[in-house]
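**Student:**
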Amino acid sequence: MPDNLPPSGWGPAPFDERDLDAVLAGETADIPAALRPVADALTSLRAAPAPAELRGEANAMAQFRELGQGQAARHAEPAPTLLLPAQAVGRRRQAARHRGPRWVSRPGRRRNGALLATGAAAAIVAAAVFTGTLPDPIAHLARTPANSPSATHGTRNSSSPNVETSTASKEATGSPSATGSARSGQSKAETICRTYYGYYMHPPPQSDLRTEMAVEKQLSALVGNSAPRKMYDFCSQFLPALPPWTALNKPPEPAHAGTGGSGSNSQGGQSGSNQDGGAGSNQNGGSGAQQNR
Amino acid sequence: MGLVAILMAILLRDGALCANTQHVVGEDFAALLAAAQGGSEQAFSVLWRDANPALLRYLRVVAAENAEDVAAETWVQVVRGLPRFTGDEAAWRAWLFTTARRRLLDQARVRKRHPAEPLDEISAAEVPRTAAAEQLAMDNIATESAMALLSRLPEQQAEVIFLRVVAGLDTEVVAEMLGRSPGAVRVAAHRGLKRLAAMLSGAGVTL
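Residue numbers (our numbering), protein chains in the order written: chain Z, 666 to 958; chain A, -17 to 189.
(1) I'd like the list of long-range same chain contacts for alanine 82/A, defined as Cβ closer than 8 Å, with 5 residues on each side in sequence excluded.
(2) Output, in sequence order along the chain, the residues in the stretch 699 to 710 of chain Z whose CB is closer than 7 Å to any CB in chain D.
(3) Which stretch, first to last residue, makes up the alpha helix (DSSP H) that contains isoleucine 123/A?
(4) Closer than 7 Å by beta-carbon distance: list the chain A residues that pair up with glutamate 692/Z, in chain order.
(5) Who are the neighbours of threonine 125/A on chain Z, taking C-beta pairs under 8 Å?
(6) Which residue comes first and which comes last in the alpha helix (DSSP H) that contains serine 163/A?
(7) Say whether the stretch 165 to 172 of chain A touches the stretch 695 to 713 of chain Z, bearing in mind that this needs 3 or more beta-carbon pairs closer than 8 Å, one atom from each stretch.
(8) Quick check on DSSP: helix, strand or coil for valine 148/A?
(9) Taking CB distances under 8 Å as the criterion, tell me whether arginine 162/A reaches chain Z.
(10) Anything in chain Z within Cβ reach of alanine 128/A, meaning under 8 Å, just list it in chain order.
(11) Can you find the residues in the same chain that come closer than 7 Å, C-beta to C-beta, to valine 156/A, ignoring five residues on each side of it along the sequence?
(12) How many Å lie between leucine 780/Z and alanine 792/Z at the Cα?
(13) Taking 8 Å as the limit between beta carbons, can you name the residues of its chain near valine 43/A, skipping five residues before and five after?
(14) How many whole angstroms separate the CB atoms of glutamate 855/Z and phenylalanine 903/Z, which I take to be in contact at a CB cut-off of 8 Å?
(15) Which value, in whole angstroms, describes the spacing of the CA atoms of glycine 721/Z and aspartate 88/A?
(16) So phenylalanine 11/A and phenylalanine 729/Z are in contact, right, with Cβ under 8 Å, and what is the actual spacing, rounded?
(17) Report the residue from Ala717/Z, Glu682/Z, Ile789/Z and Arg701/Z whose alpha carbon sits nearest the alpha carbon of isoleucine 123/A.
(18) Going by other Cβ atoms of all chains shown within 10 Å of its Cβ, with 16 needed for buried, is isoleucine 789/Z buried or exposed?
(19) Enumerate in chain order the residues of its own chain whose CB-to-CB distance from leucine 175/A is below 8 Å, with the five nearest sequence positions on each side excluded.
(20) Quick one: Cα of leucine 732/Z to Cα of alanine 723/Z, how far?
(21) Output the boundary residues of the alpha helix (DSSP H) element that contains glycine 691/Z.
(22) With H, G and I counted as helix, E and B as strand and the rest as coil, what does DSSP make of serine 823/Z?
(23) Within 10 angstroms of the Cβ of valine 880/Z, are there 16 or more other Cβ atoms? Answer buried if so, exposed if not.
(24) Could you round the C-beta distance between leucine 719/Z and histidine 172/A to whole angstroms and report it? I think they count as a contact, below 8 Å.
(25) Taking C-alpha atoms, which residue in Gly691/Z, Ser885/Z and Pro905/Z lies nearest to methionine 896/Z?
(26) Pull up the distance between the alpha-carbon of tyrosine 861/Z and that of alanine 787/Z, whole angstroms please.
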């Protein structure tokens, strides 16, 4: 044997990466001879299965029957709700009956439910009172205690017109507390109207004339107009028991007739008919109301 | 084409049942899968016969001692997920082998936590040898020899070659299964083939 032969594996590789890829892909037609044994080994790996390799088929089929068919039946068509078996319905009813006593036998849940119901009812009533959606008699009952301090306040501060004016401006803002402001302003306006027409219907002694004039100023400021008819229209919405405008302005009866009363009454009647009259006629009307007494 | 005709065509293809472990079903896979999903045992049988030999061979190389158990668990899981599976035959095989690999990892974890007692006290002569092992050796000596040859490869190289050749998966799919890059998978496969070539030619090449 000559000693100049290269050792085994010496020299360029007999195959390249493309040949290896071809062997992996099973394309063994044009591969180098050095890869032929490898290709044969891989081909034998893909050979037909031995019977032992198919022995577990029975078990697999049994599992398929158990698991697969049930799933297939569930996925095939949704069971119609109306065709539920009667037994299942009965079972459901039994379960409900079983749950019932457990629910009833807990007194704490009852108490909680009662507390919840009471709280909800109170909240509804409070909201209804606050928004004014209750019927008139109930609303009146509900409003009276809440408004009495402000009514007293309005009467007490009748000499300070700024308070009412600021409330009226709050009404127009439409802020989140606009409803409360509107209600307090409304009650104050009602108080002023009641006071004003109280003076009008039942004339006070002479010493209260200044207070009466202050109330009239407040009312005219609220109305935005000092015309008697305007003030009457404004106050009639708060005082439903107010006599009609014509009855208020009819000539005074002889028993109440004072000095020069008819003249002033006629002025009041003119100012009343001049509903859209100017400032002068309004001022006359206002003074006419004072002179009526 | 009706299901029966599809089944007959598949069973009689090349004159043998499952003549090759790769892409036996072919174009009829969609109809077969739909039938199996609908509950057809015959259709599922064809799918099982198509895939189980390759699955077993793969498992015997990567987990020789419990290949049958892992294969059975894999099929249980596949049967459970079969109604929801969508895809072609390549996706089906990828799903099957991915499931098998996960079951394998689960078993390895369980075995790590609860190690089995070694059979030290039993001599090799007393260890029961299953008839299946003998039959396998007798029936398919070439296949067994090739599997024995591949078992001598490093585990990752053997696994890559098996998944590429026996399972018929693309490099990208194998890379996804193994959590490696396609380039790394390709290099591993090439190195394994070179090592196989060296082993078969009798030259001791170290890669």
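We put the CB at the ideal spot given by N, CA and C, even for glycine.
**Tutor:** Working from what's here:
(1) Once the five neighbours on either side are set aside, the close Cβ partners of alanine 82/A are Leu37, Tyr40, Leu41, Val52, Ala53 and Thr56.
(2) The chain inventory of the structure shown lacks chain D, comprising the protein chains Z and A.
(3) Start and end: 123 to 133.
(4) Ordered by position in chain A, no residue passes the 7 Å Cβ test against glutamate 692/Z, which lies about 12 Å from the chain.
(5) Scanning chain Z for C-beta atoms nearer than 8 Å to the C-beta of threonine 125/A yields Ser709, Leu710, Ala712 and Ala715, reported in chain order.
(6) Premise fails: serine 163/A is in no alpha helix (DSSP H) and is neither H nor E.
(7) Verdict: no, contact absent.
(8) Valine 148/A: coil per DSSP, three-state reduction.
(9) Cβ-Cβ to chain Z under 8 Å: no for arginine 162/A.
(10) What alanine 128/A touches in chain Z, judged by beta-carbon distance under 8 Å, is Ala706, Leu707, Ser709 and Leu710, going in chain order.
(11) Annotation for valine 156/A: Val142, Leu145, Arg146 and Val167 place their beta carbon closer than 7 Å to its own, counting only its chain and skipping 5 residues before and after.
(12) So the alpha carbons of these two residues sit roughly 18 Å apart.
(13) Cβ neighbours of valine 43/A beyond the five flanking positions: Met129, Leu132, Ser133, Ala140, Glu141 and Phe144.
(14) Sure, about 4 Å apart at Cβ, within 8 Å.
(15) Roughly 21 Å separates the two Cα atoms.
(16) Rounded, the Cβ-Cβ distance is 17 Å, inconsistent with contact.
(17) Taking only the C-alpha atoms, the option nearest isoleucine 123/A is Ala717/Z.
(18) By the 10 Å Cβ count, isoleucine 789/Z comes out exposed.
(19) Ile143, listed in sequence order.
(20) In a straight line, the C-alpha of leucine 732/Z is about 14 Å away from that of alanine 723/Z.
(21) Boundaries for glycine 691/Z: no alpha helix (DSSP H) harbours it, and the DSSP string shows neither H nor E there.
(22) Caution applies to serine 823/Z, whose pLDDT of 39 falls short of 50 and renders its modelled position unreliable; the model cannot decide the point.
(23) Valine 880/Z counts as buried, since no fewer than 16 other beta carbons sit within 10 angstroms of its beta carbon.
(24) Contact between leucine 719/Z and histidine 172/A is ruled out by a C-beta separation of about 33 Å, above the 8 Å threshold.
(25) Looking at the Cα atoms, Ser885/Z is the closest of the given residues.
(26) Between the alpha carbons of tyrosine 861/Z and alanine 787/Z lies a distance of about 37 Å.
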